[in-house]
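Visitor:
4 protein chains.
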Amino acid sequence: MSGNKSLNRLEAFSDGVFAIAITLLILEIKFPHGGVEGGLWSRILALWPFLIAFVLSFFVILVTWITHHDLIHLVRESSRPLQLANGFALLYVTFIPFATGVLAENLTSSDVNTAVALYCGTFVVGSGAFNILVAIIINGQLLRKDVDTQIIYRIRKGFRIVFLIYVATTAIAFVMPFLALAINVAVRIFLLSIRYKPAPTDSQ
Amino acid sequence: MSGNKSLNRLEAFSDGVFAIAITLLILEIKFPHGGVEGGLWSRILALWPFLIAFVLSFFVILVTWITHHDLIHLVRESSRPLQLANGFALLYVTFIPFATGVLAENLTSSDVNTAVALYCGTFVVGSGAFNILVAIIINGQLLRKDVDTQIIYRIRKGFRIVFLIYVATTAIAFVMPFLALAINVAVRIFLLSIRYKPAPTDSQ
Amino acid sequence: MSGNKSLNRLEAFSDGVFAIAITLLILEIKFPHGGVEGGLWSRILALWPFLIAFVLSFFVILVTWITHHDLIHLVRESSRPLQLANGFALLYVTFIPFATGVLAENLTSSDVNTAVALYCGTFVVGSGAFNILVAIIINGQLLRKDVDTQIIYRIRKGFRIVFLIYVATTAIAFVMPFLALAINVAVRIFLLSIRYKPAPTDSQ
Amino acid sequence: MSGNKSLNRLEAFSDGVFAIAITLLILEIKFPHGGVEGGLWSRILALWPFLIAFVLSFFVILVTWITHHDLIHLVRESSRPLQLANGFALLYVTFIPFATGVLAENLTSSDVNTAVALYCGTFVVGSGAFNILVAIIINGQLLRKDVDTQIIYRIRKGFRIVFLIYVATTAIAFVMPFLALAINVAVRIFLLSIRYKPAPTDSQ
Chain A
349 MSGNKSLNRL
359 EAFSDGVFAI
369 AITLLILEIK
379 FPHGGVEGGL
389 WSRILALWPF
399 LIAFVLSFFV
409 ILVTWITHHD
419 LIHLVRESSR
429 PLQLANGFAL
439 LYVTFIPFAT
449 GVLAENLTSS
459 DVNTAVALYC
469 GTFVVGSGAF
479 NILVAIIING
489 QLLRKDVDTQ
499 IIYRIRKGFR
509 IVFLIYVATT
519 AIAFVMPFLA
529 LAINVAVRIF
539 LLSIRYKPAP
549 TDSQ
Chain B
349 MSGNKSLNRL
359 EAFSDGVFAI
369 AITLLILEIK
379 FPHGGVEGGL
389 WSRILALWPF
399 LIAFVLSFFV
409 ILVTWITHHD
419 LIHLVRESSR
429 PLQLANGFAL
439 LYVTFIPFAT
449 GVLAENLTSS
459 DVNTAVALYC
469 GTFVVGSGAF
479 NILVAIIING
489 QLLRKDVDTQ
499 IIYRIRKGFR
509 IVFLIYVATT
519 AIAFVMPFLA
529 LAINVAVRIF
539 LLSIRYKPAP
549 TDSQ
Chain C
349 MSGNKSLNRL
359 EAFSDGVFAI
369 AITLLILEIK
379 FPHGGVEGGL
389 WSRILALWPF
399 LIAFVLSFFV
409 ILVTWITHHD
419 LIHLVRESSR
429 PLQLANGFAL
439 LYVTFIPFAT
449 GVLAENLTSS
459 DVNTAVALYC
469 GTFVVGSGAF
479 NILVAIIING
489 QLLRKDVDTQ
499 IIYRIRKGFR
509 IVFLIYVATT
519 AIAFVMPFLA
529 LAINVAVRIF
539 LLSIRYKPAP
549 TDSQ
Chain D
349 MSGNKSLNRL
359 EAFSDGVFAI
369 AITLLILEIK
379 FPHGGVEGGL
389 WSRILALWPF
399 LIAFVLSFFV
409 ILVTWITHHD
419 LIHLVRESSR
429 PLQLANGFAL
439 LYVTFIPFAT
449 GVLAENLTSS
459 DVNTAVALYC
469 GTFVVGSGAF
479 NILVAIIING
489 QLLRKDVDTQ
499 IIYRIRKGFR
509 IVFLIYVATT
519 AIAFVMPFLA
529 LAINVAVRIF
539 LLSIRYKPAP
549 TDSQ
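Protein chains in written order, with this note's numbering: chain A, 349 to 552; chain B, 349 to 552; chain C, 349 to 552; chain D, 349 to 552.
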């Protein structure tokens with residue numbers, strides 16, 4: 349009981365951080381105030397790099413939330429190392445709006461390579477945090493008793509592959525930034541395909 | 349149980365996003381700093397377009413939250429498609445403060461038509477997201493066992509009508525922007541009238 | 349059960365709005381960037397009107413949250429009118445950071461009377477919202493069965509007195525703004541003294 | 349039951365404030381817009397004082413959340429004094445982003461002593477709030493029946509030592525600001541080492 353209550357507050361706190369980070373993304377859309385150049389339509393259309401970065405990062409945080417949700421769902425009880433590793437994962441989440449702002453502002457500039465590399469590098473750190481989270485769940489034996497141990501090893505394998513892909517995309521960003529962004533989207537679709545349950549019928 | 353816990357976190361995350369988006373609206377009220385023109389009263393009175401946009405969007409997000417709340421209340425368990433469709437609906441919610449800011453800044457300018465069209469166009473996307481949400485609940489058979497199937501079909505019909513009205517108001521906005529805004533208020537009152545329960549007495 | 353779940357989401361949503369509004373207050377402390385005038389100490393000390401407004405509004409929102417918390421605690425189930433009246437109360441809460449910013453910026457200017465009047469006028473609206481909330485709880489018979497009806501009438505009386513005091517302080521603000529602010533603090537201490545329980549021993 | 353529900357809302361509200369304050373830290377990273385000086389890399393590297401302050405304060409708020417979490421976990425029921433003392437603790441939490449911004453902007457300036465003193469002084473206030481919280485839990489006999497009284501006395505002792513250390517670091521900040529920051533990190537590691545449970549095996 350005690351463990352569950354502790355876990356509930358960890359989830360509530362994490363949900364709060366995810367919800368705020370995903371909502372703060374909109375503040376990165378910096379609308380040019382005043383009627384400086386052209387009509388309102390042309391000014392809205394000129395925001396396309398911000399809109400792309402906004403939608404991309406929204407998808408990224410949403411998938412991270414789903415991943416976090418499914419992972420913590422396997423956990424039986426909280427612990428000090430879990431709280432700290434979870435905090436590290438949340439540090440990464442709160443950093444995303446900043447990396448998104450830098451990406452949006454430089455998507456059409458000559459600094460696009462640097463901006464995408466920073467963006468992908470953020471995910472290297474984030475993926476590292478999630479790998480640490482999985483290691484702590486395994487080593488601390490925090491898994492729920494009714495969860496098949498094979499599942500967490502499958503997740504660990506998936507997370508390690510994703511970590512390597514992020515390292516690769518950070519390198520690719522310096523040469524082909526838009527390819528790096530496309531791979532990022534593909535990785536999230538892969539992350540959504542990781543199953544956290546042994547079979548579709550056991551979800552009730 | 350497992351399904352309920354998953355649904356609880358989806359609700360908690362969604363409530364967080366709704367709460368933040370509705371509170372961020374106030375940041376769109378850009379008060380002219382310093383004593384540039386006239387006294388404080390005249391500067392406060394000059395904020396009326398911001399206040400109207402603030403109250404209007406507050407009402408919009410509140411009704412969206414009530415709608416979301418009543419809809420998810422009918423659901424038995426969460427699923428991956430439901431999480432993604434819900435994320436799309438939340439993407440729309442987080443975009444509202446931005447559309448509100450554009451509306452407020454242009455309510456008294458010659459660009460008012462464009463600003464209202466963007467505002468109404470945002471609701472076309474949002475209504476699309478809610479229609480997808482209903483389709484996923486129906487197709488994924490996620491409805492609670494004790495819920496009359498007729499209710500979800502009635503809701504689907506209502507949501508489809510609302511979608512068409514938003515498309516119409518977006519077109520109307522280019523000609524009569526203030527009529528388009530008035531229709532928006534009327535649609536929300538209609539949305540509040542949709543019943544999610546078979547009879548008033550079964551709520552306990 | 350159904351009513352309780354609905355009430356839980358209303359509380360969760362409200363808690364979110366209260367938590368965000370109270371945290372956004374700090375964003376109203378506008379620190380003068382760069383080393384324009386004097387050292388850092390003198391610039392920090394020059395922020396005293398912002399700090400006073402910050403602490404004052406923090407206390408105001410905290411007491412409003414406690415009041416909201418104790419009031420909803422008496423309620424048995426949610427309803428459409430309760431959701432809307434609660435939304436009106438939250439509209440007032442989200443407006444407080446704006447009124448606080450105006451107050452802070454004008455506390456040492458000749459516009460202090462107007463700024464304090466706006467600040468107090470905000471509480472007239474908020475108190476109106478809470479009076480509507482109480483009326484809906486009474487008229488909709490939403491009170492928990494085990495709650496003594498006398499309690500809600502005592503609360504209603506208290507809320508009506510507070511409403512009249514806010515109207516008075518708004519008028520007083522034009523003549524003696526700092527007295528108006530002092531009365532505001534006193535009213536909150538009065539609000540904290542309203543008992544929502546028949547006797548101290550029944551809280552378990 | 350009544351007491352627990354009240355405590356749950358206090359936790360939910362607190363979790364919200366912690367989550368928002370920790371996420372708002374990122375807004376303090378003020379990126380120099382436009383290509384004023386050098387390429388994007390040099391501009392990102394120039395942000396190092398902001399990144400250090402961001403990571404430091406993230407760690408501070410995370411440890412404060414863990415401490416708050418473990419402390420409230422020992423409490424049986426809420427009370428009016430507990431709500432107010434908890435509000436005072438949250439006031440401190442919401443102030444951290446401001447102190448962090450001042451710290452980051454002055455980390456490389458001649459005002460670094462003043463900025464670090466303000467930063468450490470904030471923790472003196474915060475530690476004071478947590479000491480009051482502990483006093484109220486003890487004096488109001490709010491401890492859970494199954495909690496060993498010795499634990500709360502051990503926590504009180506730990507909190508008092510921490511308070512004195514913060515007073516000392518505030519003084520040290522004027523002479524050796526970076527030593528003061530290092531002590532702050534050490535204090536948080538000490539805070540994490542305080543045990544809130546009699547033995548590691550009783551957590552289930």
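Beta carbons: idealized from backbone N, C-alpha and C, even for Gly.
Please decide whether C:D418 counts as near chain B, where near means a Cβ-Cβ distance under 8 Å.
Guide: Here residue 418 of chain C refers to the residue found at position 70 of the third sequence. Chain B contact via Cβ: absent.
Visitor: Give a yes or no on whether the minimum CB-CB distance between C:S354 and chain B is below 8 Å.
Guide: Position 6 of the third sequence, counted from the start, is the residue given in the question as residue 354 of chain C. Taking Cβ atoms only, chain B reaches closer than 8 Å to C:S354, which makes this a yes.
Visitor: Which residue wins for smallest C-alpha separation from C:L404, given the options D:E425, D:I484 and D:G435?
Guide: The residue you call residue 404 of chain C lines up with position 56 of the third sequence. Taking only the C-alpha atoms, the option nearest C:L404 is D:G435.
Visitor: If you draw a straight line from the C-alpha of A:P397 to the C-alpha of C:L372, how long is it?
Guide: Position 49 of the first sequence, counting from 1, holds the residue named residue 397 of chain A. Position 24 of the third sequence, counting from 1, holds the residue named residue 372 of chain C. Near 28 Å, if we compare the C-alpha coordinates of C:L372 and A:P397.
Visitor: Assign C:V515 to one of three DSSP states: helix, strand, or coil.
Guide: In the third sequence, counting from the first residue as 1, residue 515 of chain C sits at position 167. C:V515: helix per DSSP, three-state reduction.
Visitor: Going by the CB atoms, is the gap between A:A463 and D:L571 shorter than 8 Å?
Guide: Past the boundaries of the shown model lies residue 571 of chain D; chain D is included only from 349 to 552, so the question cannot be answered.
Visitor: May I ask you to verify whether the segment 450 to 460 of chain B touches the segment 410 to 428 of chain B, counting CB pairs closer than 8 Å and requiring at least 3?
Guide: no
Visitor: Could you spell out the range, first to last residue, of the alpha helix (DSSP H) harbouring C:L404?
Guide: To locate residue 404 of chain C, count along the third sequence from 1; it is residue 56. It spans W396 to I420 - the alpha helix (DSSP H) in which C:L404 sits, taken as one unbroken run.
Visitor: Roughly how many angstroms separate the alpha carbons of C:I500 and D:S541, rounded to a whole number?
Guide: Locating residue 500 of chain C in the third sequence gives position 152, counting from the first residue. Locating residue 541 of chain D in the fourth sequence gives position 193, counting from the first residue. Cα-Cα distance, rounded: 47 Å.
Visitor: Anything in the segment 420 to 434 of chain A with a Cβ closer than 7 Å to a Cβ of chain D? List those residues in chain order, please.
Guide: Within the segment 420 to 434 of chain A, the qualifying residues are E425, R428 and Q431.
Visitor: Output, in chain order, the set of chain B residues within a Cβ distance shorter than 9 Å of A:G387.
Guide: Position 39 of the first sequence, counting from 1, holds the residue named residue 387 of chain A. Within chain B, the residues near A:G387 are S458, D459 and T462.
Visitor: So what does C:L491 bridge to, in DSSP terms?
Guide: Against the third sequence, residue 491 of chain C aligns to sequence position 143. Residue pairing by DSSP places C:L491 opposite C:V423 in a beta bridge.
Visitor: Name, please, each residue of chain C whose Cβ falls closer than 8 Å to the Cβ of D:T442.
Guide: Numbered from its first residue, the fourth sequence carries residue 442 of chain D at position 94. The contacting residues are I370, T371, L373, I374 and F406.
Visitor: Taking all protein chains shown into account, do 16 or more other C-beta atoms lie within 10 angstroms of the C-beta of B:G474, making it buried, or fewer, making it exposed?
Guide: The sequence position of residue 474 of chain B within the second sequence is 126, counting from 1. Looking at its Cβ environment, which holds 16 or more other Cβ atoms inside 10 Å, B:G474 is buried.
Visitor: Would DSSP call C:L455 helix, strand or coil?
Guide: For this step, residue 455 of chain C is matched to residue 107 along the third sequence. Coil, per DSSP.
Visitor: Under a three-way DSSP split, which group does A:G387 fall into?
Guide: By 1-based counting over the first sequence, the position of residue 387 of chain A is 39. Residue state, collapsed to three classes: coil.
Visitor: Find the nearest neighbour of C:I537 within the set C:R391, C:I414 and C:L438, judged by alpha-carbon distance.
Guide: On the third sequence, residue 537 of chain C is found 189 positions in, with the first residue counted as 1. Nearest of C:R391, C:I414 and C:L438 to C:I537, Cα basis: C:I414.
Visitor: Name, please, each residue of chain C whose Cβ falls closer than 7 Å to the Cβ of B:D363.
Guide: Indexing the second sequence from 1 puts residue 363 of chain B at position 15. Result: R357, A360, F361 and G364.
Visitor: If the criterion is Cβ atoms closer than 8 Å, does the pair A:F511 and A:A465 meet it?
Guide: Within the first sequence, residue 511 of chain A is the residue found at index 163, counting from 1. Within the first sequence, residue 465 of chain A is the residue found at index 117, counting from 1. It is not a contact, given that the beta carbons lie outside the stated cut-off.
Visitor: Name, please, each residue of chain D whose Cβ falls closer than 9 Å to the Cβ of A:N487.
Guide: Within the first sequence, residue 487 of chain A is the residue found at index 139, counting from 1. Correct list: empty, because the minimum Cβ distance to chain D is about 15 Å.
Visitor: With a cut-off of 8 Å, does the C-beta of A:I542 fall near any C-beta of chain B?
Guide: Within the first sequence, numbered from 1, the residue matching residue 542 of chain A stands at position 194. No, A:I542 does not count as interfacial toward chain B.
Visitor: Thinking C-alpha only, which one of A:V535, A:L527 and A:F361 is nearest A:L442?
Guide: One-based indexing of the first sequence puts residue 442 of chain A at position 94. In the sequence under discussion, the amino acid at residue 442 of chain A is Thr, which differs from the Leu named in the question. The shortest Cα separation from A:T442 among A:V535, A:L527 and A:F361 belongs to A:F361.
Visitor: Could you tell me the distance, in whole angstroms, from the CA atom of B:V472 to the CA atom of B:A516?
Guide: Here residue 472 of chain B corresponds to residue number 124 of the second sequence, with the count starting at 1. Here residue 516 of chain B corresponds to residue number 168 of the second sequence, with the count starting at 1. Distance between the alpha carbons of B:V472 and B:A516: 9 Å.
Visitor: Can C:R504 and C:V535 be called in contact, C-beta distance under 8 Å?
Guide: As a working mapping, residue 504 of chain C is identified with position 156 in the third sequence. As a working mapping, residue 535 of chain C is identified with position 187 in the third sequence. In this structure, C:V535 does not lie closer than 8 Å to C:R504 by Cβ.
Visitor: Taking A:A519 as the reference, give the member of A:R543, A:H416, A:Y467 and A:F402 with the closest Cα.
Guide: Indexing the first sequence from 1 puts residue 519 of chain A at position 171. The option with the nearest alpha carbon to A:A519 is A:Y467.
Visitor: Using the three-state DSSP reduction, which class does C:V523 fall into: helix, strand or coil?
Guide: The residue given as residue 523 of chain C occupies position 175 in the third sequence. The answer is coil: DSSP assigns C:V523 none of H, G, I, E or B.
Visitor: Give a yes or no on whether the minimum CB-CB distance between B:I537 and chain F is below 8 Å.
Guide: Chain labels in this structure do not include chain F; the protein chains are A, B, C and D.
Visitor: Tell me, please, whether the CB atom of A:N454 is closer than 8 Å to any CB atom in chain D?
Guide: Position 106 of the first sequence holds residue 454 of chain A. Answer yes: the Cβ-Cβ gap between A:N454 and chain D drops below 8 Å somewhere.
Visitor: For a contact defined as C-beta to C-beta under 9 Å, what are the partners of C:L399 on chain B?
Guide: Locating residue 399 of chain C in the third sequence gives position 51, where the first residue counts as 1. Per Cβ cutoff of 9 Å: no residues; C:L399 is ~18 Å from chain B at best.
Visitor: What residues from chain A crowd round B:L395, counting only those whose CB sits closer than 9 Å?
Guide: In the second sequence, residue 395 of chain B corresponds to position 47, counting from 1. By Cβ distance, chain A contributes nothing, its closest Cβ being about 15 Å from B:L395, past 9 Å.
Visitor: Less than 8 Å between the CB atoms is what I'm expecting for B:F406 and B:A437, so what's the real figure, rounded?
Guide: Translated into the one-based positions of the second sequence, residue 406 of chain B becomes position 58. Translated into the one-based positions of the second sequence, residue 437 of chain B becomes position 89. The beta-carbon separation of B:F406 and B:A437, rounded to 18 Å, does not stay under the 8 Å limit for a contact.
Visitor: With H, G and I counted as helix, E and B as strand and the rest as coil, what does DSSP make of D:D496?
Guide: Along the fourth sequence, one-based indexing puts residue 496 of chain D at 148. Here D:D496 sits in coil by DSSP.
Visitor: Just verifying my parser: in three-state terms, what is the DSSP assignment at C:Y544?
Guide: Residue 544 of chain C sits at position 196 when you count from the first residue of the third sequence. The three-state reading of DSSP puts C:Y544 in coil, since its state is none of H, G, I, E or B.
Visitor: Please list, in chain order, the chain D residues whose beta carbon lies closer than 9 Å to that of C:L490.
Guide: Against the third sequence, residue 490 of chain C aligns to sequence position 142. Going along chain D, no residue has its Cβ under 9 Å from C:L490, so there is no contact; the nearest lies around 17 Å.
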